[in-house]
Amino acid sequence: MAEWTKSDWRALPRVQMPEYTDQATLESVEAQLAQFPPLVFAGEARRLKAQLGAAGRGEAFLLQGGDCAEAFEQFSADAIRDTFKVMLQMAMVLTFAAKVPVVKVGRMAGQFAKPRSAPTETVDGVELPSYRGDIINELAFSEAARMPNPANMLRAYTQSSATLNFLRALSKGGYADMNKVHSWTLSFTEGEKAARFREMAGRITDALDFMRAAGINDGATDALQTVDFYTSHESLLLEYEQALTRLDTTSGNWLAGSGHMIWIGDRTRQPDGAHVNFASGVLNPIGLKCGPSMTEDDLKALLQKLNPKNEPGRLTLIARFGAGNVSEHLPRLIRCVREAGATVTWVCDPMHGNTVKSASGYKTRPFDAVLREVREFFAVHKAEGTVPGGVHFEMTGQDVTECIGGVQAVTDENLSDRYHTACDPRLNASQSLELAFLVAEELSV
Ligand code: PEP
Ligand code: MN
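Residues 2 to 446 (this note's numbering) make up the sequence shown, in order.
What follows is the structure, given as structure tokens:
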């Protein structure tokens, strides 16, 4: 078999990608991106892979979260910091409950391209191409806005590099101090409605007090002051991905330089398609979304293509079946992995199988359904004797009203108050932290 090259995907069937008409601009953009620095370094991707391997064995736990789609207009330091902040709060609660390190991976600094359920959208009798994320076209409903524009890739790159730069500063510059992170969580649990979580928060306070008294927590310890925070996105727009793919001179392998981890969506995982081919050749950890339509035959082919050497941490299977459907699909796929003798890390995405249209017309997700799917995921792993390796959420640190339920009790009528997502509905800061406490309860039993 000929050796993989980063442009092999171009000869294969592709779905969910734009048809660019302006070839000259496309080529110029690709050439510019190919000159730009990669956003991540191969050593970082390898370290994340090792940590995801540990999550697959139950020696770590993955927390992956962020926007469904990053957007140019919503780019702000506050939005990045707030999502980072709530993820650290969640990670601390999960670390305390799971008693293993929590691997923190943002859907950030590159999560721009979106697969869509239909290629076009019709409003008042006018049919236009669907919005596919800011890296491709614009959300506004006009012919000009919906035209795929290759130049958007340059802006997505710039925004991603600034986001990652800020995340690196927040991770290492003092913001991530555990005592501070916990003090934010205490103010959440002090509220009347979060009383249920106060006891666990109190136990974390005791643990921190103990460490301080023992001199472990007096400012000198890096592990308490800084975090490793990784980035991830769906590897959908392959022109962009290819342009940022670089040779790692240490290993002689190729690195997708656009983010630490990339994943393949539930709509683009055809075993002989372009997206699987691209991911198969890069050294990064790869996520693979597994929805109800994933067959055992396809999964077997994908395990072989994406992780032929059976490397721990290389392949994360992200189950997204919907509450009520997990027991029908997860056991058959777990058995298929077992029969193949494959090493994978299982993660639960309780968002994408639980999207509903509310009575008011908004796309939403009920908090209860999200929680139910997580519980079903844990229960199946318990029954099968396999490891629930982590969770994957669409969430934001902002106080939006996009998912209904939670202790703040967002209702259908509230959805219009602060519905800001460019694509799917996200858990807000309070709902995210509440979910972390509830997942922590699952992990402690
Ligand atoms: C997503 O993660 O935003 C997404 C589109 O997921 P899926 O491919 O699982 O539908
Ligand atoms: Mn989504």
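All residues carry an ideal CB built from backbone N, CA and C; glycine is no exception.
Keep in mind the model is a prediction, meaning the values are calculated, not measured.
Query, Result
"What residue range does the beta strand (DSSP E) around Q65 cover?", "F62 to G67"
"Are the Cβ atoms of V228 and S161 separated by less than 8 Å?", "no"
"Using C-beta distances below 8 Å, list every residue in its chain close to P332, excluding the 5 sequence neighbours before and after it, in chain order.", "V381, A384 and E385"
"Measuring from the CB of H353, is there a heavy atom of ligand 1 at a distance below 7 Å?", "yes"
"Where does M212 fall in DSSP's three states?", "helix"
"Count the other CB atoms, across all protein chains shown, that sit within 10 Å of the CB of S184; report buried if there are 16 or more and exposed otherwise.", "exposed"
"What are the boundary residues of the alpha helix (DSSP H) that includes K378?", "One point to set straight first is that residue 378 is Phe, not Lys, in the sequence displayed. Segment F368 to E385, the alpha helix (DSSP H) holding F378."
"Just mark Q243 as buried or exposed, buried being the case when its beta carbon has 16 or more other beta carbons within 10 Å.", "buried"
"Threshold first: 3 residues or longer. Then list the beta strand (DSSP E) segments lying entirely within the segment 291 to 352, N to C.", "316 to 320 and 346 to 349"
"Going by DSSP, name the residue or residues bridged to T123.", "E128"
"Is E395 near ligand 2, with its Cβ less than 7 Å from a heavy atom?", "yes"
"Alpha carbon to alpha carbon, what distance is there between R213 and L334?", "46 Å"
"Consult DSSP for N429 and reduce its assignment to one of helix, strand or coil.", "coil"
"Go ahead and pull the three-state DSSP assignment for R247.", "strand"
"Go ahead and label D135 buried or exposed: buried means 16 or more other beta carbons lie within 10 angstroms of its beta carbon, across all protein chains shown.", "buried"
"Please confirm if the segment 51 to 65 is in contact with the segment 407 to 424, defined as three or more CB-CB distances below 8 Å between the two stretches.", "no"
"Determine, using beta carbons only, whether A95 and A437 come nearer to each other than 8 Å.", "In the sequence on display, residue 95 carries Leu and not Ala. Their beta carbons are under 8 Å apart, which means L95 touches A437 by this criterion."
"Just the C-alpha distance for P149 and N278, rounded to the nearest angstrom, thanks.", "24 Å"
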